[in-house]
Amino acid sequence: MNELPMTSPSVAMVTPAKLKLMKKELTMLGVMIGLALLTAILNPVFLGGDNLRNTIRHISLISLFALGEAVVIIAGGIDLSIGSIICVSAVTTSYLTMYMGFGIGSAVAVAIALSLAIGFSQGLVITWLGVQPFVVTLGSMLLLRGVAEVMTGGTDIGFQGKYPGFRFLGEGLGLGMPMPFWFALVAIVITAFLMHRTLFGRYCYAIGSNAEAARLSGVPVQRIRLVTFVASAGLAGVAGVLYVAYLPSATPSLGSAYELHAVAAAVLGGCSLLGGRGSVFGVLVGAGIMQITFNAVNLVG
20 MNELPMTSPS VAMVTPAKLK LMKKELTMLG VMIGLALLTA ILNPVFLGGD NLRNTIRHIS
80 LISLFALGEA VVIIAGGIDL SIGSIICVSA VTTSYLTMYM GFGIGSAVAV AIALSLAIGF
140 SQGLVITWLG VQPFVVTLGS MLLLRGVAEV MTGGTDIGFQ GKYPGFRFLG EGLGLGMPMP
200 FWFALVAIVI TAFLMHRTLF GRYCYAIGSN AEAARLSGVP VQRIRLVTFV ASAGLAGVAG
260 VLYVAYLPSA TPSLGSAYEL HAVAAAVLGG CSLLGGRGSV FGVLVGAGIM QITFNAVNLV
320 G
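Take 20 as the starting number for the sequence shown in my numbering and just add one per residue.
Structure follows, in structure tokens:
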């Protein structure tokens with residue numbers, strides 16, 4: 020059976036494609052640093068402790084769901100349902116605890132399991148029925164938003180001062196850093212390892228570059244694409260749980276347009292919408308640019 024050519028890390032690091040990608044990432048990193056410096060000059064509040072912690076918290080949350088989007092894009096797909104999955108995950112957590120008598124741990128487990136199931140269902144329709152990812156995930160985005168509206172009755176579902184331990188996951192600090200930072204760090208390390216050091220990652224890049232060539236080389240294209248949509252939904256589900264812990268309430272409008280934030284962060288960081296290109300570091304830079312821009316608009320006006 021034919022297999023994809025295997026290259027050692029030392030060789031891969033010096034290829035023209037890698038160097039070109041690295042240049043773009045470093046350029047965007049410079050843009051992010053320049054934007055931060057400009058914002059700090061225009062309004063010194065930007066460098067205040069509270070604002071920096073808040074900025075790190077939101078960069079971490081954006082990074083969390085943008086990583087999943089990036090994996091899908093690298094493999095040649097797109098996921099427009101991320102914002103709605105974040106919303107459904109948050110609403111499910113609040114609804115089960117406040118209305119159904121679930122413990123917070125059980126509610127979180129159900130919310131994340133539901134997110135994974137949504138991703139799996141979408142992946143099956145895309146890979147086995149051959150429906151375009153844009154169509155499937157756009158339909159899911161609208162459907163899930165409607166589900167959230169029905170579950171909440173169009174109002175917020177808050178924790179009413181309960182579950183301080185859970186709310187600490189969104190509001191609290193660990194070793195001086197916002198708690199979402201540590202969740203994002205774990206996701207970053209795992210995703211970076213999978214995408215840059217394993218066969219799964221090489222398969223994702225191969226599929227995004229040329230799916231037919233990858234299939235002829237023995238790559239299980241359908242299974243890999245299915246996994247990418249499950250991973251994207253799972254990360255969005257975790258982000259939804261952290262958002263509801265931070266706010267701490269769930270509203271049917273939570274996560275609106277976050278799918279666009281995810282795509283923008285991935286593309287700013289070097290991902291190509293045609294697939295086959297991108298990196299975890301680039302996604303982090305893209306998320307940083309997004310949040311610093313939002314923060315600059317609020318501080319500078």
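All C-beta atoms, glycine included, are put in the ideal place defined by N, C-alpha and C. Since the structure is predicted, the reported quantities are computational estimates derived from the model, not experimental observations.
Out of Gln310, Gly95, Pro267, Met41, which has the shortest C-alpha to C-alpha gap to His280? The residue labelled residue 280 in the question sits at position 261 within the sequence shown. That would be Gln310, whose Cα lies nearest to the Cα of His280.
Which residues does DSSP pair with Gly256 in a beta bridge? By 1-based counting over the sequence shown, the position of residue 256 is 237. Note: Gly256 sits in no beta bridge, so no partner.
8 Å Cβ cutoff, Val286 in contact with chain D: Considering every chain present, this structure includes no chain D. It has just one protein chain.
On the three-state DSSP scale, how would you describe Met170? For this step, residue 170 is matched to residue 151 along the sequence shown. Three-state DSSP puts Met170 in a helix.
Backbone CA spacing between Ala233 and Gln241 [nearest angstrom]: For the purposes of this step, residue 233 is identified with residue 214 of the sequence shown, where counting begins at 1. For the purposes of this step, residue 241 is identified with residue 222 of the sequence shown, where counting begins at 1. Going by the C-alpha atoms only, they are around 11 Å apart.
For Gly124, does the three-state DSSP call read helix, strand or coil? Start at 1 with the first residue of the sequence shown, and residue 124 comes out as number 105. Gly124: helix per DSSP, three-state reduction.
What number of angstroms, rounded off, separates the C-alpha of Glu44 from the C-alpha of Ile93? For the purposes of this step, residue 44 is identified with residue 25 of the sequence shown, where counting begins at 1. For the purposes of this step, residue 93 is identified with residue 74 of the sequence shown, where counting begins at 1. Distance from the CA atom of Glu44 to the CA atom of Ile93, rounded to whole angstroms, is 15 Å.
Can you give me the C-alpha to C-alpha distance between Ala71 and Gly53, rounded to a whole angstrom? On the sequence shown, position 52 is the one that residue 71 refers to. On the sequence shown, position 34 is the one that residue 53 refers to. A small correction: the amino acid at residue 71 is Leu; Ala does not occupy that position in the sequence shown. Cα to Cα, Leu71 sits roughly 16 Å from Gly53.
I need the boundaries of the alpha helix (DSSP H) containing Thr210, first residue and last residue. Within the sequence shown, the letter at position 191 stands for residue 210. DSSP places Thr210 in the uninterrupted alpha helix (DSSP H) bounded by 198-216.
Three-way DSSP call (helix, strand, coil) for Ala315 in this model: Translated into positions along the sequence shown, residue 315 becomes position 296. Helix.
Can you check DSSP and say which residues form a bridge with Leu192? Residue 192 sits at position 173 when you count from the first residue of the sequence shown. For Leu192, DSSP records a beta bridge to Pro197.
In whole angstroms, what is the alpha-carbon distance linking Leu266 and Val129? Looking up residue 266 in the sequence shown gives position 247. Looking up residue 129 in the sequence shown gives position 110. The alpha-carbon of Leu266 is positioned some 20 Å away from that of Val129.
Taking C-alpha atoms, which residue in Ser275, Gly191, Ala89, Gly295 lies nearest to Gly102? In the sequence shown, residue 102 corresponds to position 83, counting from 1. Comparing Cα positions, the closest option is Ser275.
Under the three-state reduction of DSSP, which class applies to Ile97: helix, strand or coil? Mapped onto the sequence shown, residue 97 falls at position 78. Per DSSP, reduced to three states, the secondary structure at Ile97 is coil, with no helix or strand assignment.
Cα-Cα separation, Thr174 to Gly165: Against the sequence shown, residue 174 aligns to sequence position 155. Against the sequence shown, residue 165 aligns to sequence position 146. Take the alpha-carbon of Thr174 and the one of Gly165: they are about 13 Å apart.
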